[in-house]
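**Student:**
Number of protein chains: 2
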Amino acid sequence: MTKKTSLKDIAQVVGVSTALVSYVLNNKKENRIGKEVAQKIRKVARELNYQPNQIAKSLKTNKTDTIGLIVADISNPFSSSLARIIEDEADKHNYTVLFGSSDEKPQKAQKLMTALLNRQVDGLLICPSEGAEAHLIELQHQGVPFVLIDRYFPGLKSNYVALDNYGAIHKAVQHLIDSGFRRLGMVTFRTGLFTINERRRGYLTALKENGITARKSWLKELPIDVQGADIEKAVDDLVTGPQRVDAILFASNVLAMHGLKRINTLRLNVPDEVAVVSIDEAEAYNLFHTGITYIKQPLLEIGQMSTRILLETIKKNNSTTQANLDGELIIQASTQPVVATPSNPVVHLAEQDE
Amino acid sequence: MTKKTSLKDIAQVVGVSTALVSYVLNNKKENRIGKEVAQKIRKVARELNYQPNQIAKSLKTNKTDTIGLIVADISNPFSSSLARIIEDEADKHNYTVLFGSSDEKPQKAQKLMTALLNRQVDGLLICPSEGAEAHLIELQHQGVPFVLIDRYFPGLKSNYVALDNYGAIHKAVQHLIDSGFRRLGMVTFRTGLFTINERRRGYLTALKENGITARKSWLKELPIDVQGADIEKAVDDLVTGPQRVDAILFASNVLAMHGLKRINTLRLNVPDEVAVVSIDEAEAYNLFHTGITYIKQPLLEIGQMSTRILLETIKKNNSTTQANLDGELIIQASTQPVVATPSNPVVHLAEQDE
DNA sequence: ATAGGCAGTTTAAACGATTAAATTATTTAT
DNA sequence: ATAAATAATTTAATCGTTTAAACTGCCTAT
Chain A
1 MTKKTSLKDI AQVVGVSTAL VSYVLNNKKE NRIGKEVAQK IRKVARELNY QPNQIAKSLK
61 TNKTDTIGLI VADISNPFSS SLARIIEDEA DKHNYTVLFG SSDEKPQKAQ KLMTALLNRQ
121 VDGLLICPSE GAEAHLIELQ HQGVPFVLID RYFPGLKSNY VALDNYGAIH KAVQHLIDSG
181 FRRLGMVTFR TGLFTINERR RGYLTALKEN GITARKSWLK ELPIDVQGAD IEKAVDDLVT
241 GPQRVDAILF ASNVLAMHGL KRINTLRLNV PDEVAVVSID EAEAYNLFHT GITYIKQPLL
301 EIGQMSTRIL LETIKKNNST TQANLDGELI IQASTQPVVA TPSNPVVHLA EQDE
Chain B
1 MTKKTSLKDI AQVVGVSTAL VSYVLNNKKE NRIGKEVAQK IRKVARELNY QPNQIAKSLK
61 TNKTDTIGLI VADISNPFSS SLARIIEDEA DKHNYTVLFG SSDEKPQKAQ KLMTALLNRQ
121 VDGLLICPSE GAEAHLIELQ HQGVPFVLID RYFPGLKSNY VALDNYGAIH KAVQHLIDSG
181 FRRLGMVTFR TGLFTINERR RGYLTALKEN GITARKSWLK ELPIDVQGAD IEKAVDDLVT
241 GPQRVDAILF ASNVLAMHGL KRINTLRLNV PDEVAVVSID EAEAYNLFHT GITYIKQPLL
301 EIGQMSTRIL LETIKKNNST TQANLDGELI IQASTQPVVA TPSNPVVHLA EQDE
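Protein sequences appear in the order of chains A and B. In case it helps, UniProt numbering puts the first sequence at residues 1 to 354. In case it helps, UniProt numbering puts the second sequence at residues 1 to 354.
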């Protein structure tokens with residue numbers, strides 16, 4: 001790369017000190033600088049196409065105007081949509097975003113954070129994996145500003161912005177029950193993550209409140225690094241056998257994606273043979289033969305809010321903000337009450353088997 | 001943030017100069033450093049959890065081990081998948097990725113590049129928008145290493161890695177014709193971008209070679225910042241009227257997404273009423289009632305190759321690499337030859353109307 | 001006349017690393 | 001014993017900025 005022009009170059013051309021050039025270009029000490037010199041400096045800066053070296057600036061000011069974003073996988077639509085919102089919000093404040101994918105692996109997340117922090121990011125937006133808690137405490141001790149996104153740890157007093165998972169799933173389950181479904185399967189993750197387990201709690205509580213005994217076989221908990229085939233297997237289990245369900249709730253877009261694919265392959269009619277609700281939206285749902293009822297996460301709000309909180313915290317480490325946002329239940333055809341037909345008599349077996 | 005330990009801190013504790021600490025921790029002058037001192041330095045560094053300040057290092061070495069990625073929109077699955085591959089490849093070489101979305105707007109792309117370059121990224125991976133050429137030439141003059149991804153300008157001698165668009169579309173069209181479809185619609189973008197126009201050329205040439213006269217109404221060219229409704233309208237036009245097509249080729253995943261949504265809404269049977277081919281793959285296609293034939297871009301290769309070329313160029317500005325990679329045609333049910341049935345006699349009207 | 005004030009500008013240190021060159025200490029050869 | 005060679009370490013400049021403090025004229029008030 002050819003050398004870029006520095007303050008020194010401008011100073012030399014104009015015949016002043018670099019300090020003065022710096023003052024002028026940063027509009028400091030405005031009233032104490034000669035008008036003509038200021039103008040000349042600005043003119044020369046423009047002519048030489050001066051671009052400040054942020055690295056040098058950062059070294060001195062201890063600020064990089066850069067934030068780090070750590071998600072599980074940037075190629076996941078949830079993550080990339082969020083990334084885009086965060087990028088836009090950061091840009092509004094002249095911040096730039098460094099990113100990395102943790103693959104849900106704590107040690108990879110840790111390595112990422114170190115890399116980002118060594119590059120002196122001013123703060124972090126983190127979608128934490130299971131087992132991240134200890135390291136987050138470490139971050140707090142170091143005084144690194146950060147905001148958790150989508151997930152948080154109830155025992156950790158930190159900023160976070162997340163969906164009210166319990167409430168969202170509770171709402172979805174209630175809707176299914178109100179629509180006449182009673183044998184409700186759920187495909188979710190098996191993990192120690194509080195927010196994910198809140199989804200299970202929402203499901204179980206709503207069933208209980210409606211006097212439905214949850215069957216063990218209805219709840220499919222899969223590892224967080226699940227493969228598509230496992231999800232398909234879970235769906236197979238749910239829709240066959242004497243204890244088969246009449247509705248399935250997918251706890252994430254990845255689960256729904258593979259689940260719907262399987263339902264598609266099995267040529268199951270939705271909602272006649274099985275109703276479906278998903279958490280997260282996905283453009284993909286539009287391609288399914290039936291509109292999919294889903295819980296719409298307030299992504300824009302999550303992204304903007306978390307970014308703003310982070311930038312606030314960077315400015316002055318004040319209070320802790322914790323936000324549990326409401327999800328909106330978007331009702332589509334996949335949970336329409338089933339109308340009885342001769343070939344498909346509506347018989348809800350929930351209370352009568354065994 | 002609490003102050004991190006610096007070379008100076010270590011030097012003070014051990015009672016040596018910072019230079020020596022630097023030499024030890026970077027394994028320089030290995031044979032000329034006392035064994036015990038070296039060990040002690042390493043020990044103290046570990047104890048104080050020393051993390052080098054990359055900013056300071058960068059200022060001195062003029063290297064940040066950071067590359068910038070500029071795509072049209074990081075939330076687009078094509079971009080985010082690529083981003084993930086690039087991230088992984090960069091990580092292998094201890095590079096970190098800064099990203100930004102240009103929204104296909106040249107001035108936004110320019111602003112982004114300036115921001116990234118001021119942060120002294122070592123090089124750029126760019127998916128350029130229309131009108132970016134002048135600015136890329138500027139980059140070359142500045143000696144900024146960069147590699148274009150997915151798109152390039154034939155008049156610009158620069159590194160690039162892209163799909164062989166002409167060949168890919170040609171292959172897809174030939175496949176449609178071989179499968180018995182003759183009235184082939186195409187939904188693509190209207191733009192000055194060479195690579196996009198290569199898609200149109202592939203389509204028109206393949207038609208011509210097979211003795212099919214392309215009809216103007218078969219080719220739908222939409223603005224690059226197209227809205228979903230426009231795409232749906234284009235599909236409506238293609239599948240209705242006396243000149244209606246029997247197959248549609250979508251020139252990108254965004255186009256296919258909305259197009260298939262519309263086909264879904266219209267309850268058109270694929271491929272009986274209209275065959276479909278798409279460029280780019282998408283998980284979403286799995287949710288469609290029929291498997292979608294598509295051109296699979298060698299994403300992994302594109303991402304890895306472009307990153308490697310960039311890192312090579314950063315190391316020593318040598319030659320120019322230009323790669324046009326082959327797309328693979330993945331044939332699914334959406335282009336199965338239509339079998340005649342009483343209710344759906346196979347009559348291809350291509351040559352007989354008007 | 002002369003101290004004080006003000007406008008305009010420069011000096012110089014600092015941020016945290018790297019690294020060529022200089023320095024000091026030790027060993028070896030004569 | 002002494003010069004030369006080698007080993008181990010330090011000095012000091014540098015990267016491109018920022019910014020407190022010092023400086024230089026000039027003007028004004030006493």
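From the three backbone atoms N, C-alpha and C, an ideal C-beta is built for every residue, glycine too.
Could you work out which residues of chain B lie near Met-257 of chain A, taking near to mean beta carbons separated by less than 9 Å?
**Tutor:** Glu-283, Ala-284, Asn-286 and Leu-287, listed in chain order.
**Student:** Which residues mark the beginning and the end of the alpha helix (DSSP H) in which residue 356 of chain A is found?
**Tutor:** Not covered by the structure: residue 356 of chain A. The range shown for chain A is 1 to 354.
**Student:** Grab me the residues of Lys-220 of chain A's own chain with a C-beta within less than 6 Å of its C-beta, minus the 5 sequence neighbours each way, in chain order.
**Tutor:** Hits under 6 Å: Val-187 and Ala-234.
**Student:** I'd like the ranges of any beta strand (DSSP E) spanning at least 3 consecutive residues and lying wholly in the segment 149-183 of chain B.
**Tutor:** Those beta strand (DSSP E) runs which fall completely within the segment 149-183 of chain B and span 3+ residues are 160-163.
**Student:** Would you check if there are 3 or more beta carbon pairs closer than 8 Å linking the segment 165-179 of chain A to the segment 228-244 of chain A?
**Tutor:** With the cut-off at 8 Å, the segment 165-179 of chain A and the segment 228-244 of chain A do not touch.
**Student:** What's the C-alpha gap between Arg-145 of chain A and Leu-249 of chain A?
**Tutor:** In the sequence on display, residue 145 of chain A carries Pro and not Arg. Whole-angstrom Cα-Cα distance: 36 Å.
**Student:** Against chain A, with Cβ distances strictly below 9 Å, would Gln-243 of chain B count as a contact?
**Tutor:** Answer no: the Cβ-Cβ gap between Gln-243 of chain B and chain A never drops below 9 Å.
**Student:** Bridge partners of Val-71 of chain B, per DSSP?
**Tutor:** B:Ser-101.
**Student:** Taking 8 Å as the threshold, find out whether the segment 251-261 of chain B comes into contact with the segment 297-308 of chain B through three or more Cβ pairs.
**Tutor:** Judged by Cβ distances under 8 Å, the segment 251-261 of chain B makes no contact with the segment 297-308 of chain B, as fewer than three pairs qualify.
**Student:** Using 9 Å as the threshold, is the C-beta distance between Tyr-160 of chain A and Val-147 of chain A below it?
**Tutor:** Taking 9 Å as the Cβ cut-off, Tyr-160 of chain A and Val-147 of chain A qualify as a contacting pair.
**Student:** Would you mind telling me which residues of chain A sit closer than 8 Å to Arg-42 of chain B, beta carbon to beta carbon, in chain order?
**Tutor:** Ordered by position in chain A, no residue passes the 8 Å Cβ test against Arg-42 of chain B, which lies about 18 Å from the chain.
**Student:** Mind checking which residues open and close the beta strand (DSSP E) that includes Ile-292 of chain B?
**Tutor:** Where Ile-292 of chain B is concerned, there is no enclosing beta strand (DSSP E), given that its DSSP letter is neither H nor E.
**Student:** DSSP state of Gln-142 of chain B, grouped into three classes?
**Tutor:** If DSSP states are grouped into helix, strand and coil, Gln-142 of chain B belongs with the helices.
**Student:** The segment 91-108 of chain B: which residues have C-beta closer than 7 Å to a C-beta of chain A, in chain order?
**Tutor:** Per Cβ criterion, the list reads Thr-96, Val-97, Leu-98, Phe-99, Gly-100 and Ser-101.
**Student:** Which complete beta strand (DSSP E) runs does the segment 193-251 of chain B hold, if anything under 3 residues is left out?
**Tutor:** List check, beta strand (DSSP E) in window: 219-222 and 247-250.
**Student:** Could you check where the alpha helix (DSSP H) with Val-37 of chain A kicks off and where it finishes?
**Tutor:** Segment 35-47, the alpha helix (DSSP H) holding Val-37 of chain A.
**Student:** Rounded to a whole number of angstroms, what is the C-alpha to C-alpha distance between Thr-5 of chain B and Gln-142 of chain A?
**Tutor:** The straight-line gap from Cα to Cα measures roughly 11 Å.
**Student:** Since Thr-265 of chain A contacts Val-276 of chain A with CB under 8 Å, what's their CB separation in whole angstroms?
**Tutor:** Their Cβ separation, rounded to whole angstroms, is 14 Å, which puts Thr-265 of chain A and Val-276 of chain A out of contact at 8 Å.
**Student:** Suppose you measure from the CA of Ser-101 of chain A to the CA of Ile-169 of chain B; what does that come to, to the nearest Å?
**Tutor:** Their backbone Cα atoms lie some 33 Å apart in a straight line.
**Student:** Spatial neighbours of Ile-224 of chain B within its chain, please: CB distance less than 6 Å, with the 5 preceding and 5 following residues excluded, ordered by chain position.
**Tutor:** Closer than 6 Å at the Cβ level, and outside the excluded window around Ile-224 of chain B, lie Glu-104, Phe-189 and Thr-191.
**Student:** From the DSSP secondary-structure annotation, give me the bridge partner or partners of Met-305 of chain B.
**Tutor:** Paired residues: none, contrary to the question.
**Student:** Whose C-alpha, out of A:Arg-32, A:Leu-48 and A:Val-24, is nearest the C-alpha of Gln-39 of chain A?
**Tutor:** For the residues A:Arg-32, A:Leu-48 and A:Val-24, the minimum Cα distance to Gln-39 of chain A belongs to A:Val-24.
**Student:** For Leu-329 of chain A, which beta-bridge partners are listed by DSSP?
**Tutor:** DSSP lists A:Ile-295 as partners of Leu-329 of chain A.
**Student:** Let me know the secondary structure DSSP gives Ala-284 of chain A once reduced to three states.
**Tutor:** Reduced to three states, the DSSP call for Ala-284 of chain A is helix.
**Student:** In its own chain, which residues sit with a C-beta less than 8 Å from the C-beta of Arg-244 of chain A, not counting the 5 before and 5 after it?
**Tutor:** Closer than 8 Å at Cβ, skipping near neighbours: Arg-183 and Leu-238.
**Student:** Quick one: is Lys-261 of chain B near chain A, going by C-beta distance under 9 Å?
**Tutor:** Judged by the 9 Å Cβ criterion, Lys-261 of chain B is in contact with chain A.
**Student:** Asn-344 of chain B CB to nearest chain A CB: under 9 Å?
**Tutor:** Confidence at Asn-344 of chain B is low in this model, with a pLDDT of 48, below 50, so its placement is unreliable and no value can be given for it.
**Student:** Per DSSP, Ile-126 of chain A forms a beta bridge with which residues?
**Tutor:** In the DSSP output, where bridge partners are listed per residue, Ile-126 of chain A has A:Ile-70 and A:Leu-148.
**Student:** Run through chain B and tell me which residues come within less than 8 Å of Ile-55 of chain A, C-beta to C-beta.
**Tutor:** Near Ile-55 of chain A (Cβ distances below 8 Å), the residues of chain B are Ile-55, Ser-58, Leu-59, Thr-64, Arg-119 and Gln-120.
**Student:** Go to Val-21 of chain A, then tell me how far its alpha helix (DSSP H) extends in each direction, as first and last residue.
**Tutor:** It spans 18-25 - the alpha helix (DSSP H) in which Val-21 of chain A sits, taken as one unbroken run.
**Student:** For Thr-96 of chain A, which residues does DSSP report across the bridge?
**Tutor:** A:Thr-66, per the DSSP bridge assignment.
**Student:** Under 8 Å, with one C-beta from each stretch per pair, do the segment 83-90 of chain A and the segment 109-116 of chain A reach the 3-pair mark?
**Tutor:** With the cut-off at 8 Å, the segment 83-90 of chain A and the segment 109-116 of chain A do not touch.
**Student:** Using a 10 Å radius around the Cβ and a threshold of 16 neighbouring Cβ atoms, would you call residue 355 of chain B buried or exposed?
**Tutor:** For residue 355 of chain B there is no data in the structure shown, the boundaries of chain B being 1 and 354.
**Student:** Relative to the alpha-carbon of Arg-267 of chain B, which residue among A:Pro-337, A:His-289 and A:Gly-15 has its alpha-carbon at the smallest distance?
**Tutor:** Nearest of A:Pro-337, A:His-289 and A:Gly-15 to Arg-267 of chain B, Cα basis: A:His-289.
**Student:** Taking the beta carbon of residue 369 of chain A as the centre, do at least 16 other beta carbons fall within 10 Å, making it buried, or is it exposed?
**Tutor:** Examination of residue 369 of chain A is not possible in this model, given that chain A is present from 1 through 354 alone.
**Student:** Below 8 Å, can you find three or more Cβ-Cβ pairs linking the segment 45-53 of chain A to the segment 70-81 of chain A?
**Tutor:** Touching, no.
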